[in-house]
Structure formats: structure tokens, C-alpha cells
Amino acid sequence: MSDRFSFARLLAVVIKELRQLRRDRLTYGMIIGIPTLQLILFGYAINMDVRHLPAAVVDQAQTQTSRQVVEELQQSRVFNFNRALHHAGTGEAMLRRGEVKAVLIIPADFERRLQGQRPPLQLIVDGSDQVVQQAARQIAQFPLRGTTTTASVEVLPYYNPHRNAPLNTVPGLIGVILTMTMVMFTAIALVREREQGNLEFLITTPLSSAELTLGKVLPFVAIGLIQTSLVLLLGKWIFQVPVRGSPLELYLAALLFIIASLALGIFISTLVRSQFQAIQAAIFTFLPQILLSGFMFPYEGMPKAAQWIAEVLPLTHFIRLARGIMLRGAGLDDLWPELLALAVFAAALLVVAVARVHKRLD
Amino acid sequence: MSTDNAIETHDLTRRFGDFTAVDHLNLSVPRGQVYGFLGPNGCGKSTTIRMLCGLLLPSEGDIRVLDLDIPKQAEALKRRAGYMTQTFSLYRDLTVRENLEFVARLFGLSRQRTRQRVEELCHRYQLEALASQLAGTLSGGQKQRLALATAVLNQPELLFLDEPTSAVDPQSRRDFWDELFALTDAGTTLLVSTHYMDEAERCHQLAILQRGRLMAQGSPERLKADVGATPLLVVTAAPRKAQTVLQALDGVRSCAQIGASLRVLVTSPDQLPAVRDALRKEGIEGKVDITDVNLEDVFVAATHGHTEGAS
Ligand SMILES: Nc1ncnc2c1ncn2[C@@H]1O[C@H](COP(=O)(O)OP(=O)(O)OP(=O)(O)O)[C@@H](O)[C@H]1O
Ligand SMILES: [Mg+2]
Numbered sequence: 000m001s002d003r004f005s006f007a008r009l010l011a012v013v014i015k016e017l018r019q020l021r022r023d024r025l026t027y028g029m030i031i032g033i034p035t036l037q038l039i040l041f042g043y044a045i046n047m048d049v050r051h052l053p054a055a056v057v058d059q060a061q062t063q064t065s066r067q068v069v070e071e072l073q074q075s076r077v078f079n080f081n082r083a084l085h086h087a088g089t090g091e092a093m094l095r096r097g098e099v100k101a102v103l104i105i106p107a108d109f110e111r112r113l114q115g116q117r118p119p120l121q122l123i124v125d126g127s128d129q130v131v132q133q134a135a136r137q138i139a140q141f142p143l144r145g146t147t148t149t150a151s152v153e154v155l156p157y158y159n160p161h162r163n164a165p166l167n168t169v170p171g172l173i174g175v176i177l178t179m180t181m182v183m184f185t186a187i188a189l190v191r192e193r194e195q196g197n198l199e200f201l202i203t204t205p206l207s208s209a210e211l212t213l214g215k216v217l218p219f220v221a222i223g224l225i226q227t228s229l230v231l232l233l234g235k236w237i238f239q240v241p242v243r244g245s246p247l248e249l250y251l252a253a254l255l256f257i258i259a260s261l262a263l264g265i266f267i268s269t270l271v272r273s274q275f276q277a278i279q280a281a282i283f284t285f286l287p288q289i290l291l292s293g294f295m296f297p298y299e300g301m302p303k304a305a306q307w308i309a310e311v312l313p314l315t316h317f318i319r320l321a322r323g324i325m326l327r328g329a330g331l332d333d334l335w336p337e338l339l340a341l342a343v344f345a346a347a348l349l350v351v352a353v354a355r356v357h358k359r360l361d
Numbered sequence: 000m001s002t003d004n005a006i007e008t009h010d011l012t013r014r015f016g017d018f019t020a021v022d023h024l025n026l027s028v029p030r031g032q033v034y035g036f037l038g039p040n041g042c043g044k045s046t047t048i049r050m051l052c053g054l055l056l057p058s059e060g061d062i063r064v065l066d067l068d069i070p071k072q073a074e075a076l077k078r079r080a081g082y083m084t085q086t087f088s089l090y091r092d093l094t095v096r097e098n099l100e101f102v103a104r105l106f107g108l109s110r111q112r113t114r115q116r117v118e119e120l121c122h123r124y125q126l127e128a129l130a131s132q133l134a135g136t137l138s139g140g141q142k143q144r145l146a147l148a149t150a151v152l153n154q155p156e157l158l159f160l161d162e163p164t165s166a167v168d169p170q171s172r173r174d175f176w177d178e179l180f181a182l183t184d185a186g187t188t189l190l191v192s193t194h195y196m197d198e199a200e201r202c203h204q205l206a207i208l209q210r211g212r213l214m215a216q217g218s219p220e221r222l223k224a225d226v227g228a229t230p231l232l233v234v235t236a237a238p239r240k241a242q243t244v245l246q247a248l249d250g251v252r253s254c255a256q257i258g259a260s261l262r263v264l265v266t267s268p269d270q271l272p273a274v275r276d277a278l279r280k281e282g283i284e285g286k287v288d289i290t291d292v293n294l295e296d297v298f299v300a301a302t303h304g305h306t307e308g309a310s
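Quick mapping for you: the protein sequence lines, in order, are chains A and B. The opening residue of the first sequence carries number 0 in numbering that gives the first Met the number 0; numbering runs sequentially from there. The opening residue of the second sequence carries number 0 in numbering that gives the first Met the number 0; numbering runs sequentially from there.
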């Protein structure tokens, strides 16, 4: 005959957590310090060489030469023009959805332009991705046979006319910071109760494991949202990173991602025995996320196996959402599969994690 | 059995791997009394208490606490029993008052009742001046008073106290025991584990544990009467030498130096001449007399006498 879930007890734990947090200067500092430091460190981002970026081609000329040009660009292996489209509009829609990273447009007057001054080719690239931009710059130097123009390819950044480097990093950084702090803080917070002996007393009170767990992580939800806002504000002030889509949708994505990360933290805390082990385990989950999620290395450049792993990492989906909403102005009507994936992760991890928290010592 | 007992166990056993920490323990703890657990380090006192509270699952055996089937009905016990852990288990980074308020909320006390109860407890356990101090900065004895205050906050019928007075000076220990007796006056049953003989002496009933086994159970007077050994006091100028001699003697169960004298436990009063002879033969001058049994003798007799049998 165990008691039903009590909000009063949940509140008791939340109040206790907040009181402890208020005295914990170091954690306090980390909540503000980690995002600020990371933003500045990662703001000047890492550039990576890439290959096989998915791309579409709109060949309005349909001549022998135009087909040859596509073939030659394909040889460079930077872009993979495997989608042939009829309308430039379709290409832009695909760019927005993130299905392709670039659209090559060969205008109807291609042959004439080869002799004239205007660049005969246009490459519309996803300007929110600085890796893609760099790849496009390589392509722009591409020598076209039998042309008089010096610049053969005109590169048109689609979303990011100013070629702002940190632009692409900041949305991903929100995710990275949230994973880092949320997973680690919760894992530590719960293990600490056990390590400091508090659990032994708590188990003999009517407090249930669900109340304890939720009460401990709820303050972190608020902290996660504060960190998100902090990165957004600093990103705007320092690097002029916009939020082109709906801020509400962005926060919804962040909330789901925070819940998924907290659940992961709780799960870790049920596996480890000490705070030190909790930190190690948190780093263990953190590394694949930062390496494979598309934050550091573009998803497109990764081997197939790595891409599969990336699909089961919450951060991958959050980064797609954040980049889509912030930089491409995409809405959840475009990005709902990513949001759904995140929701599934959050729900599944939470169920598993809470089920594993027992109210016993052994 | 009857429901007069607050706690009853039948063949209670707990193993950790190959190691048996608690071995077929049969306890009966009467209601409204102080029941003591006496035993050396690692004899299974804490493990037993944890099983009685429902914190650890027994490997074998049955437990009834306040007519509840433990661990099955452990949730129901939580509102009726209090537990003071051996190591401080409250929040070091919360103040005394915050800790008490937290526990009051867990037990669902109303805001007004919480304030009233916290004030009451602070007053009773002399924590008023410390109310705003962080629990982690309290002295050992102060921590123990806070732990007792939180354990009794919900006015439990049964209180488990695991070595509540380690790290407490003798005067504070007496005060602490006065508080415990005040609780039994109010009808609370107390189960207290201890290493101290003077504390064991104060209990209504005692269980002597060794290596997870129950060596003796009963009131201190009863245990002393049934000790089955006789203590001798040897006053001599060469206690160390005398000790070496007597330890080798048949019928001597233990021999401990206390200042300038020796306390020797022999199997029967008939051994007195043999002890005197042995000392004289070695040329040791000394006075040997029979003395009153104390609890330490009971403890030594209960634990030493069975060591060979146990291993
Ligand atoms: N979780 C555990 N895993 C393995 N062994 C354990 C565990 N808990 C206790 N033990 C062992 O069980 C034995 C009894 O331990 P327990 O803590 O009950 O002793 P105790 O009588 O309370 O001792 P003390 O007076 O030192 O507090 C010890 O030998 C201890 O090492
Ligand atoms: Mg112990």
C-alpha cells in the first residue's frame, strides 16, 4: 500500500534542491560559465574538408556541354548531384528542409553565357552551414573549358548572405552545452544522495523514487532553459546569430532535448556508485554526441555506420531542429520528424530511468 | 506469536556473496522498551536494522515489525517508524531548520504544523541557537541531536537508532539517554545499537551479537545472572607477567588488564585456588578475589567462549 504520487513531497524536494543550489557557488558558476566560455571558444569555428555533400541540379539548358559540366563537377567529389530537378523553386524547398546542401542551376542561356561576362553557373548553397560554404568556394574556382569568363560559378548563399562563421556553430552549441551540463549535473546530483548517505534516511520516509528523481531534476529543466536563453542572447550580441523561425518552437525543441538529457543523467546515476564514476560515464555519452551529431563534423561526410549511430543520438536531432529553426527559418511543419524523434527519446529514456531508480540500498 | 512484540524475526539471514553478515537471527523486541544491540564491529548490527526498516532485503527468514510483514509492507512502516542512521544522513549544505522543514514536508505536515513542530524539536533537543547553522558545520554531538530530532519528527511508534552516541562525550551521552527514556515514557519502542557497556546497561532488553549470530538475549540483570562464568580481580605488581601466565591456564576464558589490576574470567568459582597456585608457582605476588559480574563479562563470555565453535 504505497502512497500515491504527492506534489507536496515533489515540491519539498524541489525547494531543498534550490536551497542547496543557492549555496553551491561552483555549480552556479558552471551554469553561467560553461555556456559563455564554450560560445566564445567554439564561436570561431573549426573548418572541415568535406566530400559528397548531397546536392540537386536544375539543368535548364539541357545541352551536351551542360551535362558535361555536371559530370565534371561530380568528379570533384565535393558535391554529389544525384537529384535532377526541373524548377529552381523545388531546389530551394529541398534546401530549406535540409535534404540537400546545394542546388546547381544551369540557366537556359548557359551556352551564351559561356562566351559572355556573366557567370554561366549558379550554385545556391545552404549558407547556414559554413562547411558547405567552404566547399562551394572550392567549386567556384572550377575551370570551365571554352569559357571566357574568369568566374565560372556564381555562389549564392541561400540563408546567410553575410557568411557569418559562428552562425552555424551557435545552434549546435546550445545542444552541446545542454548535453554537457544536464547529463552531468543530474547524474552527479542523484549519486551524491547515495554517496553522502542521504538516501539511507530518505528511503525510510514516505518519499517515492519518482518524487525524489523528478524533484531533483525539475530545477535543472529551468537551468537548461536559462542556458539556452543565455547562448541565444550572447550569440545575438557577439556574433549576430538570428532566430529566423519561431522562438516558441525553438524552446519546445530545447525542452524536449533537456528532458532527454536529464533522463540520460538519471539513467547513468542508477548505474554508477560514485560521483567520479558519474562524471566518467557522462563524458562517455558526451563524446559520441559531440563527434557524431553533426556539431563538429558534417553528417554528410561521415561513413554510413557513423551516420546510423548519429541517428540514435538525441543531439543529432536537436542540432537539426535548432539549425533549421534559427538559420533557415524552418517551422515544425518541416522539421516534425526530428521533433518526434526527440520526443520518443525523451519519453523512452525517462521511463527506463525512473524504473531503474529503486528505493532500496541493494 | 503474540502482538505484544514490536519486532519479531524468524531465522533472519543476510548474505553478501559468500559472506553471511546476519545468520539465522531470532529476535523478539517488546513494545515500549529500549532494546539494545550489543556487538563488536562488523557483527551485523547495521545490516539487521536495515533489514528491519525494509532498506535491505533479507536472504532468508521472516520479519514482522509493528504487525507488518517486512519487506512486503515496508511502505506502511515508513509512517510509523523512525530511523537514525549510523553515519550522518542529513544534508550538510542545509541549515538545521531547513533539514527539519524538509523532513516535515516529506511527512505531509501542514505549513503551520511544520513551523510548530520544528520549533518544538529545536527546543527539546537544544538546537534553537543552531537553527540557522549549516548541518555540515555542527559538532558530532549536535549532529546527533539533529538526527534524533528528524527521526522523531513524525512521532514514530518505533525508533531505530544505529550507534546514536558514537562521537558524543559522556555528559552528552547521558543527556541523550534521558531523551531516549522520555520517548519510551511516551510509549515509543526503541532499538539501539551500541558498543558501550554503560549504554547496554541502561537497556531493558539486550541482544548480544557476534558474526551475525545471536549469542544471548535478555535483560542485563538476567544476562549477568546467567553468565556461566566467574570474574576474578587480580591485584598485583606485575600484571603483564601475570596475564601471560593466566592466559595459558585451563579454565580461564579471558584476561584483561585494567590499570594495575587484571580482570580474569574463569569458568567456575572452583578455579580460584588454581589461579592462586599458578601465580605463586611463577613467583608473582598478588591478591585474587571473586568480584561482581558486569556486562562486559557477559559480553566476553558470550563472544569469546564460542569463537572456537564458530570457526
Ligand atoms: N553491502 C555490503 N556488501 C558486502 N558486505 C557488506 C555490506 N554491508 C555490510 N557488509 C558486511 O557485513 C558485515 C556486517 O556489517 P554491519 O555494517 O552490519 O556491521 P555493524 O555491526 O553495524 O558494525 P559497526 O559496529 O562497525 O557499525 C561486515 O563484515 C560488513 O563488511
Ligand atoms: Mg553499524
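Beta carbons are placed, not taken as given, at the ideal position from N, Cα and C, and that holds for glycine.
**Request:** Starting from the N-terminal end, write out each residue whose C-beta falls within a distance shorter than 7 angstroms of any non-hydrogen atom of ligand 2.
**Result:** B:Lys-44, B:Ser-45, B:Gln-85, B:Asp-161, B:Glu-162 and B:Ser-192
**Request:** Output yes or no for whether 7 angstroms exceeds the beta carbon distance between Ile-318 of chain A and Gly-293 of chain A.
**Result:** Taking the first sequence and counting its residues from 1, one reaches residue 318 of chain A at position 319. Taking the first sequence and counting its residues from 1, one reaches residue 293 of chain A at position 294. The answer is yes: Cβ separation under 7 angstroms.
**Asked** Is DSSP giving Gly-323 of chain A helix, strand or coil here?
**Response** As a position in the first sequence, residue 323 of chain A is number 324, starting the count at 1. Looking at Gly-323 of chain A - three-state DSSP - the assignment turns out to be helix.
**Proximity test, Phe-200 of chain A beta-carbon vs ligand 1 heavy atom, cut-off 6 angstroms** = The count along the first sequence starts at 1 and reaches residue 200 of chain A at position 201. No, since every heavy atom of ligand 1 falls outside the 6 angstroms radius drawn around the Cβ of Phe-200 of chain A.
**Cut-off 6 angstroms between Cβ atoms - residues of its own chain near His-23 of chain B, not counting five sequence neighbours on either side** = Numbered from its first residue, the second sequence carries residue 23 of chain B at position 24. So the qualifying residues of the chain are Asp-10 and Thr-12.
**Asked** Which first and last residues belong to the alpha helix (DSSP H) in which Asp-10 of chain B is found?
**Response** If you number the second sequence from 1, residue 10 of chain B lands on position 11. Unbroken run through Asp-10 of chain B is the beta strand (DSSP E), 4-15; no alpha helix (DSSP H).
**Prompt:** For chain A, is any of its Cβ atoms less than 7 angstroms away from the one on Tyr-124 of chain B?
**Reply:** Translated into positions along the second sequence, residue 124 of chain B becomes position 125. It does not; no Cβ of chain A falls within 7 angstroms.
**Request:** For the segment 214-231 of chain A, enumerate the residues whose C-beta is nearer than 8 angstroms to any C-beta of chain B, in chain order.
**Result:** none
**Request:** Could you tell me which of B:Gly-53, B:Arg-114, B:Asp-92 and B:Val-297 sits nearest to Asp-225 of chain B, measuring between CA atoms?
**Result:** The residue labelled residue 225 of chain B in the question sits at position 226 within the second sequence. The residue with the shortest Cα to Cα distance from Asp-225 of chain B is B:Val-297.
**Request:** Give a yes or no on whether the minimum CB-CB distance between Arg-144 of chain B and chain A is below 7 angstroms.
**Result:** As a working mapping, residue 144 of chain B is identified with position 145 in the second sequence. Not one chain A Cβ lies under 7 angstroms of Arg-144 of chain B.
**Request:** Compute the Euclidean distance between the alpha carbons of Gly-223 of chain A and Met-325 of chain A, then round it to the nearest angstrom.
**Result:** Numbered from its first residue, the first sequence carries residue 223 of chain A at position 224. Numbered from its first residue, the first sequence carries residue 325 of chain A at position 326. The C-alpha of Met-325 of chain A is placed about 18 angstroms away from the C-alpha of Gly-223 of chain A.
**Item:** Candidates B:Thr-266, B:Ser-267, B:Ala-241 and B:Pro-268, of which the one nearest Ala-255 of chain B by Cα
**Value:** Your numbering for residue 255 of chain B matches position 256 in the second sequence. For the residues B:Thr-266, B:Ser-267, B:Ala-241 and B:Pro-268, the minimum Cα distance to Ala-255 of chain B belongs to B:Ala-241.
**Asked** Three or more beta-carbon pairs under 8 angstroms between the segment 200-208 of chain B and the segment 26-37 of chain B, yes or no?
**Response** yes
**Asked** Taking 6 angstroms as the line, does the beta carbon of Ala-215 of chain B fall inside it for any heavy atom of ligand 1?
**Response** Walking along the second sequence from the start, residue 215 of chain B turns up at place 216. For ligand 1, not one heavy atom lies less than 6 angstroms from the Cβ of Ala-215 of chain B.
**Message:** Can you tell me whether Asn-40 of chain B is helix, strand or coil according to DSSP?
**Reply:** Taking the second sequence and counting its residues from 1, one reaches residue 40 of chain B at position 41. Coil.
**Message:** Report the start-end ranges of each alpha helix (DSSP H) in the segment 252-332 of chain A that is 4 residues or longer and not cut off at the edges.
**Reply:** 274-291, 303-310 and 313-326
**Prompt:** Do you know offhand how far Val-64 of chain B's Cα is from Leu-206 of chain A's?
**Reply:** In the second sequence, residue 64 of chain B corresponds to position 65, counting from 1. In the first sequence, residue 206 of chain A corresponds to position 207, counting from 1. In this structure, the straight-line span from the alpha carbon of Val-64 of chain B to that of Leu-206 of chain A is close to 20 angstroms.
**Own chain partners of Arg-96 of chain B with C-beta closer than 7 angstroms, once the 5 adjacent residues on each side are dropped** = Sequence index remark: in the second sequence, residue 96 of chain B carries index 97 (1-based). Once the five neighbours on either side are set aside, the close Cβ partners of Arg-96 of chain B are Val-117, Ala-130 and Ser-131.
**Asked** Which word fits Glu-119 of chain B, buried or exposed, when buried means at least 16 other C-beta atoms lie within 10 angstroms of its C-beta?
**Response** Walking along the second sequence from the start, residue 119 of chain B turns up at place 120. Glu-119 of chain B is exposed by the Cβ-count criterion.
**Item:** First and last residue of the uninterrupted beta strand (DSSP E) at Gln-121 of chain A
**Value:** Position 122 of the first sequence, counted from the first residue, corresponds to residue 121 of chain A. Counting along the chain, the beta strand (DSSP E) containing Gln-121 of chain A begins and ends at 120-124.
**Prompt:** Is the segment 21-31 of chain A in contact with the segment 49-68 of chain A, if contact means three or more CB pairs nearer than 8 angstroms?
**Reply:** Three or more beta-carbon pairs separated by less than 8 angstroms are not found between the segment 21-31 of chain A and the segment 49-68 of chain A, which leaves the two stretches without contact.
**Request:** Starting from Pro-230 of chain B, follow its DSSP beta bridges and name the residues at the other end.
**Result:** The count along the second sequence starts at 1 and reaches residue 230 of chain B at position 231. Its beta-bridge partners are B:Leu-264.
**Request:** Please indicate yes or no: does the CB of Phe-15 of chain B lie closer than 6 angstroms to some heavy atom of ligand 1?
**Result:** For the purposes of this step, residue 15 of chain B is identified with residue 16 of the second sequence, where counting begins at 1. At least one heavy atom of ligand 1 is nearer than 6 angstroms to the Cβ of Phe-15 of chain B, so yes.
**Prompt:** So, does the CB of Thr-86 of chain B fall closer than 7 angstroms to a CB anywhere in chain A?
**Reply:** Here residue 86 of chain B refers to the residue found at position 87 when the second sequence is read from its first residue. Yes, because at least one Cβ of chain A sits closer than 7 angstroms to the Cβ of Thr-86 of chain B.
**Request:** Can you say whether Ile-123 of chain A is buried or exposed, counting buried as having 16 or more other CB atoms within 10 angstroms of its CB?
**Result:** As a first step, residue 123 of chain A must be located in the first sequence, where it is residue number 124. Result: buried.
**Item:** Helix, strand or coil at Ala-185 of chain B according to DSSP, with G and I counted as helix
**Value:** Residue numbering aside, residue 185 of chain B sits at position 186 when the second sequence is read from its first letter. Reduced to three states, the DSSP call for Ala-185 of chain B is coil.
**Message:** Using the three-state DSSP reduction, which class does His-23 of chain B fall into: helix, strand or coil?
**Reply:** Counted from its first residue, the second sequence places residue 23 of chain B at position 24. Strand at His-23 of chain B.
**Item:** For Thr-243 of chain B and Asn-29 of chain B, the rounded distance between their alpha carbons
**Value:** Taking the second sequence and counting its residues from 1, one reaches residue 29 of chain B at position 30. Taking the second sequence and counting its residues from 1, one reaches residue 243 of chain B at position 244. This sequence places Pro at residue 29 of chain B; Asn is not what is there. Distance between the alpha carbons of Pro-29 of chain B and Thr-243 of chain B: 43 angstroms.
**Message:** Quick check: is the beta carbon of Gln-274 of chain A nearer than 7 angstroms to any beta carbon in chain B?
**Reply:** As a first step, residue 274 of chain A must be located in the first sequence, where it is residue number 275. With 7 angstroms as the cut-off, Gln-274 of chain A does not count as an interface residue toward chain B.
**Request:** Note the first and the last residue of the continuous alpha helix (DSSP H) segment covering Arg-123 of chain B.
**Result:** Position 124 of the second sequence, counted from the first residue, corresponds to residue 123 of chain B. Where Arg-123 of chain B is concerned, the enclosing alpha helix (DSSP H) stretches over 110-123.
**Request:** Indicate whether Val-351 of chain A and Ser-260 of chain A have their beta-carbon atoms separated by less than 7 angstroms.
**Result:** Counting from 1 along the first sequence, the entry for residue 351 of chain A is found at position 352. Counting from 1 along the first sequence, the entry for residue 260 of chain A is found at position 261. Between Val-351 of chain A and Ser-260 of chain A, the gap from beta carbon to beta carbon reaches 7 angstroms or more.
**Prompt:** Counting pairs of beta carbons, one from the segment 60-70 of chain A and one from the segment 210-224 of chain A, are three or more of them closer than 8 angstroms?
**Reply:** no
**Message:** In this structure, how does DSSP classify Gly-171 of chain A when only helix, strand and coil are distinguished?
**Reply:** Translated into positions along the first sequence, residue 171 of chain A becomes position 172. Reduced to three states, the DSSP call for Gly-171 of chain A is helix.
**Message:** Bridge partners for Gly-285 of chain B per DSSP, in chain order?
**Reply:** Here residue 285 of chain B corresponds to residue number 286 of the second sequence, with the count starting at 1. Bridge partners of Gly-285 of chain B: B:Thr-235.
**Request:** Would you tell me roughly how many angstroms separate the C-alpha atoms of Pro-160 of chain A and Asp-128 of chain A, rounded to the nearest one?
**Result:** As a position in the first sequence, residue 160 of chain A is number 161, starting the count at 1. As a position in the first sequence, residue 128 of chain A is number 129, starting the count at 1. The predicted model places Pro-160 of chain A with a pLDDT of 49, which falls under 50 and marks its position as unreliable, so this point remains unresolved.
**Prompt:** Quick one: what's got a C-beta closer than 8 angstroms to Val-220 of chain A's C-beta in the same chain, skipping five residues either side?
**Reply:** By 1-based counting over the first sequence, the position of residue 220 of chain A is 221. So the qualifying residues of the chain are Leu-254, Ile-257, Ile-258 and Leu-261.
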